[in-house]
Structures are given as C-alpha cells and as structure tokens.
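Student: Under numbering that gives the first Met the number 0, think of the first position of the sequence shown as 0, with each following residue one higher. Note that beta-carbon positions come from the ideal geometry of N, C-alpha and C, so glycine has one too. Okay, here's the structure, questions in a sec.
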Amino acid sequence: MTFATVDTRTSGDHADDEQARTLWGLIEPRFLALLSWDPNIKIVTFPADHPELGYDICRVTWCERPTRLWHRLCPACYQRWRRSHPLDESKDCLEAFVVSTSRTPARATGTRIEPCAVLGCPRAWKSSTTRLCTAHEYQCYQMLRLPLDQFLLRPETVPLPSFGICQVAACERQREGWGPYCRAHAAKWARLRGSEPDADEDHWRRTTSAIAVNGKVSLRGLSNLVVAQILYGLQERTRAGTATIDHQLRLVCNLVREGELTQLSALPTDGMGRSVRGLRNNMLKFIECVCRRTSERAPARTDENAPFLMR
Ligand SMILES: [Zn+2]
Ligand SMILES: [Zn+2]
Ligand SMILES: [Zn+2]
Numbered sequence: 000m001t002f003a004t005v006d007t008r009t010s011g012d013h014a015d016d017e018q019a020r021t022l023w024g025l026i027e028p029r030f031l032a033l034l035s036w037d038p039n040i041k042i043v044t045f046p047a048d049h050p051e052l053g054y055d056i057c058r059v060t061w062c063e064r065p066t067r068l069w070h071r072l073c074p075a076c077y078q079r080w081r082r083s084h085p086l087d088e089s090k091d092c093l094e095a096f097v098v099s100t101s102r103t104p105a106r107a108t109g110t111r112i113e114p115c116a117v118l119g120c121p122r123a124w125k126s127s128t129t130r131l132c133t134a135h136e137y138q139c140y141q142m143l144r145l146p147l148d149q150f151l152l153r154p155e156t157v158p159l160p161s162f163g164i165c166q167v168a169a170c171e172r173q174r175e176g177w178g179p180y181c182r183a184h185a186a187k188w189a190r191l192r193g194s195e196p197d198a199d200e201d202h203w204r205r206t207t208s209a210i211a212v213n214g215k216v217s218l219r220g221l222s223n224l225v226v227a228q229i230l231y232g233l234q235e236r237t238r239a240g241t242a243t244i245d246h247q248l249r250l251v252c253n254l255v256r257e258g259e260l261t262q263l264s265a266l267p268t269d270g271m272g273r274s275v276r277g278l279r280n281n282m283l284k285f286i287e288c289v290c291r292r293t294s295e296r297a298p299a300r301t302d303e304n305a306p307f308l309m310r
C-alpha cells in the first residue's frame, strides 16, 4: 500500500478545521459515553454487550480476541483452523481444534497492562502474575521476600512517581523507566534499530501503532479531523445498525497514522481487506453526506428516535 509523501498534518487547512468543527458538533455525548471516550486519552472502548459494537471472545481456550463471526473464532484462529484442516469444515473438527490447538507464542495482541497493585502507584505492572511494577517487584520479592498481600499491607509500601507516558504518539502506556518508551515499544524500537540502523526515530514515534488491546482502539496520534471523522462515522453506522469490530477500526486508524494522513478519504484502498475497505467507505459515506448538507446550508439531521440501544 502506498501513501502520499506530503505531510498534510501541518497544512492548517481551513476547510479541514471547519469540517472537524461540524462533525464534532454532530457527535452525541451519549455516543461518546458509550465508547467510554475521554478526550484526554483518545481511546475507543467497544462495549462488549452492545448489539452493533459488542463482541464474543474467541472460543480457542487460550485466545482472548474479540469476534463477531458465526463460528466464534477470531479471524486469526479461524485462518489457523482452515490451514490446519483444509479438507474438513465439520463441527466436530472445529470443536477438536478449539480445545487442542497450541498457543502461538508470538501473539502479543490483547496483552492487558494494568497499573501496579500498590495503591496509587501509576507505573505499569511487569506481568499479570506479579501485578507489581519493576521497582515494587524488586522490593517485594528480592529485598523483603514477602508474599504480595503482606507487601501491600506494609505502611512503608508507598506509590512511586510516574516516569511519564510513552513517547509513541499512539500509546498511552506508562514508560518503563527513564527511557522514552513503555516496555512494549522499547522492545519494538530495539528490534527495528537492529534490522534498520538508520531508522528515523521521530518518524517511527509518530507513525507506529499502539499496542493492540482487545476491545480498545487508540485514536491518539491522529489529526483532530480524522478523530472527528472516525467517531462520527462510527456513530452513524452504529445508528444505521451496522456492526463494527475493534480490529477493523484499529487497522483503519493504524493505516491513517502510518501514512500521516489528515483525511480519512486520503487512505488508499489498494491492498486493503474487504471488511476494512467496507468500513472506510461506509464511514466516508456518512461524512460526505454531512459535507453536502453543510455546503447546501441545510439543517443537520438529529434523529432522536434512533438511540444507541444496549442489549
Ligand atoms: Zn482466537
Ligand atoms: Zn509500583
Ligand atoms: Zn508505548
């Protein structure tokens, strides 16, 4: 897939600003609340029990990825099933695959990061097993050799100051230490530097994706107009009864960020999968409707009779 090489993010285009203002005016607070939207965090959270935005969790025992597919396998597990049993699509074969397929070690998607278990400590836990940040883990298990519950009850166990937020534009995770990145992005940057010693770090920070978390999509690092376009497009397709799943939206956002595009319409469709292309085009259809109405000076539609139903 190729992108225009011009960095349109800094164009300061008046028409773009105007369109962003119009779209923000049409995005309803109750829809933003449904997505747990915080303008300071800029992460969309898909509500799991919503008819259009909800999802099931993949049936493979160790997999936690969302799916809306009939077989309740996530797309990656479905592909693995079909590749491993190309001639057998039977229910029995599917059931056997669900319980017997071995874990794919390279799969980090869905990794959940929580704050350290010490009350008020903003640093990220090192793992879900220890539930402590690196410094508290060292205190607890290396210095004091205490079980976690006893460590947490000590009056001397106090929160530590944050190292700040990861410098990757798309990421909202805590930095791991005095370095610029969270643990996952530090590892990604080290890998990239290993294979491409001349890689442009500033460009990488602006364009690399957030660490994927099930049910969540980062709109961080996208232009104000693209954020408005995505939220408005998602609102209108949801209102129209069209389902959306997190990985489709995540891919659209990642491609826009990677191309440093300031317009969703600038996202090329060549090489794009069918469902992601459908999402892009569908959101653009609603956005273009608004643009047409605005240029004709017609009043915007607000259909109060079409609520965002919860199951
Ligand atoms: Zn799966
Ligand atoms: Zn801590
Ligand atoms: Zn990060």
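Looking at the unbroken alpha helix (DSSP H) that takes in Ser217, where does it start and where does it end?
Tutor: In the DSSP assignment, Ser217 falls outside any alpha helix (DSSP H) and within the unbroken beta strand (DSSP E) covering Lys215 to Ser217.
Student: Taking only three categories from DSSP, how would you classify Thr108?
Tutor: For Thr108, the predicted structure reports a pLDDT of 48, less than 50, and the residue's modelled location is therefore unreliable. The matter cannot be settled from this model.
Student: Exposed or buried, what is Ile286 when buried is set at 16 or more other beta-carbons lying within 10 Å of its beta-carbon?
Tutor: Buried, because 16 or more other Cβ atoms sit within 10 Å of the Cβ of Ile286.
Student: If contacts are defined as beta-carbon pairs under 8 Å, then Lys41 and Val226 qualify, I think. What distance do you get, rounded to the angstrom?
Tutor: 7 Å
Student: Counting C-beta neighbours from all protein chains within 10 Å, is the total for Ala198 16 or more, i.e. buried, or is it exposed?
Tutor: exposed
Student: Can you list the residues near ligand 2, meaning Cβ strictly closer than 7 Å to any non-hydrogen atom, in the order they appear in the chain?
Tutor: Cys115, Val117, Cys120, Arg122, Leu131, Cys132, Ala134, His135, Pro158 and Leu159
Student: Since Cys165 contacts His184 with CB under 8 Å, what's their CB separation in whole angstroms?
Tutor: 5 Å
Student: Straight-line CA distance for Leu311 to Leu147?
Tutor: Nothing about residue 311 can be reported from this structure: the residues present for the chain run from 0 to 310 only.
Student: Indicate, with yes or no, if ligand 5 has a heavy atom lying under 7 Å from the CB of Ala75.
Tutor: By its list of ligands, the structure shown excludes ligand 5, since it contains just ligand 1, ligand 2 and ligand 3.
Student: For my contact list, Trp61 and Arg20 are in at a C-beta cut-off of 8 Å; report their separation, rounded to the angstrom.
Tutor: Actually they do not touch by this definition, with Cβ atoms about 46 Å apart.
Student: For Asp16, count the other beta carbons within 10 Å of its own beta carbon; 16 or more makes it buried, fewer makes it exposed. Which is it?
Tutor: exposed
Student: Roughly how many angstroms lie between the CA atoms of Thr108 and Ile210, to the nearest whole one?
Tutor: At Thr108, the pLDDT of 48 sits below 50, so the modelled position is not reliable; the number obtained from the coordinates is stated separately. About 7 Å.
Student: Please name the residue or residues paired with Thr44 in a DSSP beta bridge.
Tutor: Lys215
Student: Tell me whether Leu266, by its Cβ, gets closer than 7 Å to a heavy atom of ligand 1.
Tutor: no
Student: Which value, in whole angstroms, describes the spacing of the CA atoms of Leu250 and Thr133?
Tutor: 32 Å
Student: Can the beta-carbon of Ser217 be found closer than 8 Å to that of Glu171?
Tutor: Contact flag set, yes.
Student: Going by alpha carbons, who is nearest to Leu25 out of Ala242, Thr241 and Ile229?
Tutor: Ile229
Student: Nearest-angstrom Cα distance between Cys92 and Gly270?
Tutor: Annotation: Cys92 to Gly270 spans about 32 Å, alpha carbon to alpha carbon.
Student: So what does DSSP say about Gln166, is it helix, strand or coil?
Tutor: coil
Student: From Glu295 to Phe162, what distance separates their C-alpha atoms?
Tutor: 51 Å
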